[in-house]
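Chains as they are written, first to last, in this note's numbering: chain A, 11 to 205; chain B, 20 to 506. Glycine included, C-beta positions come from ideal geometry on N, C-alpha and C. Note that the coordinates shown come from a computational prediction; the quantities given were computed from them, not determined experimentally.
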Amino acid sequence: MPALESVAVPERDRLSAQPSQPELSTLDISSVLFFLLAIGVVGAGIAVVTLRNIIHSAVAMMICFGSLAGMYALLGAPIVAAAQVLIYLGAISVLILFAIMLTQAGDANLPAPFHRQGPIAVVVALAIIGLVGWAVVQTDWGLLPEAVSAGVEDIANAVFTTFALPFEIISLLILVAIIGAIYLARRPEEDERAN
Amino acid sequence: MNYINDLVTILPEILLAVLILVIITVDLFISRANKWLLTPLTVGGLIVVAAALVVVWDTNESVYAGMYVVDDLSVFFKAATIVIGIISVLFAPAYLVVRRIPLGEFHMILLSALLGMFVLASSSDLITLFLGLELMTMPSYLLTGLHKTDRYSNEGGLKYFLLGSFASAIVLFGISWLYGLTGTTNISEIAASGLEGRMSGALLVALGFLIVGSTFKIAAVPFHYWTPDAYQGAPTPITGFLSVGPKLGAFALLVRVFAEALAPLRADWLGIFLVLTVLTMTIGNVVALTQVNVKRMLAYSSIAHTGYIMVGLAAFANTDDQAVAAQGIESVLFYVLGYAIMNIAAFAVVGMLQRDTRRFGGLNSFAGLGSRSPARAAAMGVLMLSLTGIPPTVGFFAKLYVLLAAVDAGLAWLAVILVLNAAMAAFYYLRVVVYMYMRDPEDEPAPIDTSPFGTVALALSVAGVVILGLFPGAVLSLIEVSAASLF
């Protein structure tokens, strides 16, 4: 198909400065990176739910978050990747580790509460993975030839124009989450005093 | 894009957000003896919001770059939300004070849930829709677990939180598939994207995830397992709110997603929807029959009512005639409103009999209530008749409109199943009436709560149930206009 190739070549050139979406057919550096990161996300994700020691789970979650940040960078969204590193990898993971350290007394190993449902859960999960995988492969997604630019300026524009209202709604959502978390975490005696 | 002018159309939302902040601030500065003032303050604020709703009625505009729509349908949902909010706020304090649950947090969290329902009703984009859903359900988890020192409340709150988060994630996953297929999250653009000819594996996955996630939120069988525990664990008047508030929001979501964005695909989702509807009605009722705890019985019966409301949506989906489809949506709106009033009030009466904190809403608490407190027994009697669907109450007309819509849409068999279910439900609702009037009181009868706010709210609810039953015309004409904004 000569027509297709003549279109594809200049796009390659333009994209070479910026990492592009991985293509399964060619084993270039970005697809190798993609598969490494994918193994990181999925493997660490499985580890989070299967490891018995809660601190190990938290560390696995950090690996999962980190791989996801790499994935965003690979897709040409550096600002999303940076936010992922700052917020999830930096703030949330550290908070979780602190929360575990401050609340866990003694041995951190917990019994698995849903142990007996394990085999059924595996079967159901595999069935859903199969279904979703089949749907991904057999659908024509109409992918764009190049990744849409997602630089700082684009995101800032989108957040403060198109997504201005959802942005404000999130602030209220966070407010109620904070107040609720404080209320639930406060000891009942402190409720009495606060009233 | 003129965002300053758009501010006027979201005036009710802005006022509600301001009310939330006012409540938080006032709560800081008043002493414990004066906390009861928060209730009239909240009710007054909600009445102001309702006045703002009158201002935006008949706006019918898409605002904020297509993220939000202020149509008459959304205004109707918001008005119903205000009704739910006012009744819930009046009923709850007496129950909460006895159990030392702080009132400031309660009012603030409840108002946030109402704001979430506002956003959900007005969403014209799946992003806003999801945020509205979260803003509604996050406070609902908190309300369930509000009674921190009670382990049933802890259990209910935790279960609701875990399962609800999964359901939210499932909805979000479905949304992402829909975005992948259509390249947009805007609801009207999705509806116009010509999906109907392209039934594919990916569309099937998107539909599947959206149906599972959203029917979880309305507590349809088989995604209802969280309901009885969450409803039983929550403080009783709050259970009343939970059984109608988040449900109203979830039906707004169903209308926006399935009756608007995915309306071209209705032949594809109707089949699975019919199965869920029949299961929900029947299993909800069968399990409710076996309950001896009134609170738990009402929890299961709320599942059955979900099924009745789903019949209206099924009627919408089963017809190509626009008038009949509109009739289906209208029956959903009327049922949701009527059901909201009667169910909150019914739970509140159960709560009034739990002034003694060791009472859990057993059937025996109701024994001899007819002689002990004739007014409350009569109110509960009217509510039970209305939930059963006996004229001249709102429950009767709500069921009648759903039935008519189903028959007109060619779903007569579904109407028959609904009638059989309603007959079955009569047994457990009327059993409460039998206990109230034909049993002797217990040796140590449950003390009754007689707080003025609760009494006023009960009188208002019963009046609403009877007046909407006798003169449904005015509300129906509003509903007709509201439903028309979908077509």
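**Item:** Beta-ladder partner(s) of B:Gly488, from DSSP
**Value:** If you number the second sequence from 1, residue 488 of chain B lands on position 469. Beta-bridge pairing links B:Gly488 to no other residue.
**Prompt:** Roughly how many whole angstroms lie between the Cα atoms of B:Pro460 and B:Arg395?
**Reply:** For the purposes of this step, residue 460 of chain B is taken as the residue at position 441 of the second sequence. For the purposes of this step, residue 395 of chain B is taken as the residue at position 376 of the second sequence. Here the alpha carbons of B:Arg395 and B:Pro460 stand approximately 15 angstroms from one another.
**Asked** DSSP three-state call for B:Gly414: helix, strand or coil?
**Response** Within the second sequence, residue 414 of chain B is the residue found at index 395, counting from 1. It is helical.
**Message:** Measuring straight from C-alpha to C-alpha, what distance separates B:Glu208 and B:Val224?
**Reply:** As a working mapping, residue 208 of chain B is identified with position 189 in the second sequence. As a working mapping, residue 224 of chain B is identified with position 205 in the second sequence. Here the C-alpha atom of B:Glu208 lies approximately 20 angstroms from the C-alpha atom of B:Val224.
**Asked** Hey, B:Asn304 and B:Leu430: beta-carbon distance below 7 angstroms or not?
**Response** By 1-based counting over the second sequence, the position of residue 304 of chain B is 285. By 1-based counting over the second sequence, the position of residue 430 of chain B is 411. No, they are not a contact pair.
**Asked** At what residue ranges does the region 259-329 of chain B contain a whole run of the alpha helix (DSSP H), taking only runs of 4 or more?
**Response** Listed in chain order, they are 285-308.
**Asked** Is the CB-CB distance between B:Val451 and B:Val369 below 7 angstroms?
**Response** As a working note, residue 451 of chain B is residue 432 in the second sequence. As a working note, residue 369 of chain B is residue 350 in the second sequence. The answer is no: Cβ separation not under 7 angstroms.
**Asked** Residue range of the beta strand (DSSP E) that B:Glu80 falls in?
**Response** Here residue 80 of chain B refers to the residue found at position 61 of the second sequence. That run of the beta strand (DSSP E) goes 80-82.
**Item:** Residues, ordered as in the chain, of the region 124-141 of chain B that lie near chain A by beta-carbon distance below 7 angstroms
**Value:** When CB distances to chain A are screened at a threshold of 7 angstroms, the residues of the region 124-141 of chain B falling below it are Glu124, Met127, Ile128, Ser131, Leu134, Val138, in chain order.
**Request:** Mind checking who B:Ser172 pairs with in its DSSP beta bridge?
**Result:** Residue mapping note: residue 172 of chain B aligns to position 153 of the second sequence, counting from 1. Answer is none; B:Ser172 lacks a bridge partner.
**Straight-line Cα distance separating A:Pro88 from B:Gly408** = Stepping through the second sequence from its first residue, residue 408 of chain B is reached at position 389. Stepping through the first sequence from its first residue, residue 88 of chain A is reached at position 78. If I take the Cα positions, the gap works out to 59 angstroms.
**Request:** With a threshold of 16 other CB atoms inside 10 Å of the CB of A:Ala191, please say whether the residue is buried or exposed.
**Result:** Here residue 191 of chain A is taken as the residue at index 181 of the first sequence, counted from 1. Result: exposed.
**Request:** Tell me whether the beta-carbon of B:Val401 lies closer than 7 angstroms to the beta-carbon of B:Val475.
**Result:** Here residue 401 of chain B refers to the residue found at position 382 of the second sequence. Here residue 475 of chain B refers to the residue found at position 456 of the second sequence. Against a cut-off of 7 angstroms, the Cβ pair of B:Val475 and B:Val401 comes out as no contact.
**Prompt:** DSSP on B:Val355, reduced to helix/strand/coil?
**Reply:** The count along the second sequence starts at 1 and reaches residue 355 of chain B at position 336. Here B:Val355 sits in helix by DSSP.
**Prompt:** Which term fits A:Val147, buried or exposed, when burial requires 16 or more other beta carbons within 10 angstroms of its beta carbon?
**Reply:** Position 137 of the first sequence, counting from 1, holds the residue named residue 147 of chain A. With fewer than 16 other Cβ atoms within 10 Å, it is exposed.
**Prompt:** Going by the beta-carbon positions, is the gap between B:Ala465 and B:Arg378 smaller than 7 angstroms?
**Reply:** Numbered from 1 along the second sequence, position 446 holds the residue referred to as residue 465 of chain B. Numbered from 1 along the second sequence, position 359 holds the residue referred to as residue 378 of chain B. Cβ distance < 7 angstroms, so B:Ala465 and B:Arg378 count as in contact.
**Asked** If you drop the 5 nearest sequence neighbours on each side, which residues of the same chain put their C-beta closer than 7 angstroms to that of A:Glu200?
**Response** Numbered from its first residue, the first sequence carries residue 200 of chain A at position 190. By the criterion of a C-beta distance shorter than 7 angstroms, A:Glu200 is surrounded by no residue of its chain, once the five residues flanking it on both sides are discounted.
**Item:** Where the alpha helix (DSSP H) through B:Tyr114 begins and ends
**Value:** Locating residue 114 of chain B in the second sequence gives position 95, counting from the first residue. Counting along the chain, the alpha helix (DSSP H) containing B:Tyr114 begins and ends at 91-117.
**Item:** For A:Thr113, the nearest candidate out of A:Leu154, A:Ile64, A:Ala70 (CA to CA)
**Value:** Counted from its first residue, the first sequence places residue 113 of chain A at position 103. A:Thr113 has its Cα closest to that of A:Ile64, out of A:Leu154, A:Ile64, A:Ala70.
**Request:** With a cut-off of 8 angstroms on the beta carbons, I'd call B:Ile237 and B:Leu165 a contact; round off their distance for me.
**Result:** Within the second sequence, the letter at position 218 stands for residue 237 of chain B. Within the second sequence, the letter at position 146 stands for residue 165 of chain B. Not quite, the Cβ-Cβ distance comes to about 22 angstroms (not below 8 angstroms), so this is no contact.
**Request:** Check whether the Cβ atoms of A:Ser77 and A:Leu47 sit closer than 7 angstroms, and answer yes or no.
**Result:** Counting from 1 along the first sequence, the entry for residue 77 of chain A is found at position 67. Counting from 1 along the first sequence, the entry for residue 47 of chain A is found at position 37. Contact: yes.
**Prompt:** Rounded to the nearest angstrom, how far is the Cβ of B:Gly17 from that of B:Met136, given a contact under 8 angstroms?
**Reply:** In the structure displayed, chain B extends from 20 to 506; residue 17 of chain B sits before or after that span and is not available.
**Asked** Can you tell me whether DSSP reads B:Pro31 as helix, strand or coil?
**Response** Residue numbering aside, residue 31 of chain B sits at position 12 when the second sequence is read from its first letter. Note: B:Pro31 maps to helix in three-state DSSP.
**Request:** Classify B:Thr168 as buried or exposed, calling it buried when 16 or more other Cβ atoms lie within 10 Å of its own Cβ.
**Result:** If you number the second sequence from 1, residue 168 of chain B lands on position 149. With fewer than 16 Cβ atoms within 10 Å of its Cβ, B:Thr168 is classed as exposed.
**DSSP three-state assignment for B:Asp144, whether helix, strand or coil** = By one-based count along the second sequence, residue 144 of chain B stands at place 125. B:Asp144: strand per DSSP, three-state reduction.
**Asked** Around the Cβ of B:Leu145, are there at least 16 other Cβ atoms within 10 angstroms (buried) or fewer (exposed)?
**Response** Within the second sequence, numbered from 1, the residue matching residue 145 of chain B stands at position 126. The residue in question, B:Leu145, is buried, as its Cβ has 16 or more Cβ neighbours within 10 Å.
**Asked** Under the rule that 16 or more other beta-carbon atoms within 10 Å means buried, what is A:Ser159, buried or exposed?
**Response** As a working note, residue 159 of chain A is residue 149 in the first sequence. Counting C-beta atoms within 10 angstroms of its own C-beta, A:Ser159 has fewer than 16 neighbours from the protein chains shown and is therefore classed as exposed.
**Nearest neighbour of B:Ser390, chosen from B:Ser93, B:Val82, B:Tyr454 [CA to CA]** = Residue mapping note: residue 390 of chain B aligns to position 371 of the second sequence, counting from 1. Answer by Cα proximity: B:Tyr454.
**Prompt:** Are at least three pairs of beta-carbons, each pair with one atom in the region 150-161 of chain B and one in the region 85-99 of chain B, less than 8 angstroms apart?
**Reply:** No, the region 150-161 of chain B is not in contact with the region 85-99 of chain B.
**Neighbour list for A:Tyr193 in chain B, Cβ cutoff strictly below 9 angstroms** = Here residue 193 of chain A refers to the residue found at position 183 of the first sequence. Those are Pro121, Glu124, Ile128, Leu161, Leu165, Lys167, listed as they occur along chain B.
**Prompt:** If we ignore side chains and look at the alpha-carbon of each, how far apart do B:Tyr319 and A:Pro129 end up?
**Reply:** Along the second sequence, one-based indexing puts residue 319 of chain B at 300. Along the first sequence, one-based indexing puts residue 129 of chain A at 119. For B:Tyr319 and A:Pro129, the gap between their C-alpha atoms comes out near 30 angstroms.
**Request:** Give the single residue among A:Val104, A:Arg126, A:Arg62, A:Trp151 whose Cα lies nearest to the Cα of B:Thr221.
**Result:** Within the second sequence, numbered from 1, the residue matching residue 221 of chain B stands at position 202. As written in the sequence, residue 221 of chain B is Ala, which differs from the Thr given in the question. The candidate whose alpha carbon is nearest that of B:Ala221 is A:Trp151.
**Prompt:** Using a beta-carbon distance below 7 angstroms, is B:Leu154 in contact with chain A?
**Reply:** If you number the second sequence from 1, residue 154 of chain B lands on position 135. It does; some Cβ of chain A falls within 7 angstroms.
**Request:** With DSSP as the reference, label B:Tyr87 as helix, strand or coil.
**Result:** Working through the second sequence from its first residue, we reach residue 87 of chain B at position 68. B:Tyr87: strand per DSSP, three-state reduction.
**Message:** If we define contact as Cβ-Cβ less than 7 angstroms, is B:Tyr244 a contact residue for chain A?
**Reply:** To locate residue 244 of chain B, count along the second sequence from 1; it is residue 225. Taking Cβ atoms only, chain A never reaches closer than 7 angstroms to B:Tyr244, which makes this a no.
**Item:** Contact between the region 251-260 of chain B and the region 105-118 of chain B (3+ Cβ pairs under 8 angstroms)
**Value:** Enough Cβ pairs lie closer than 8 angstroms, so yes.
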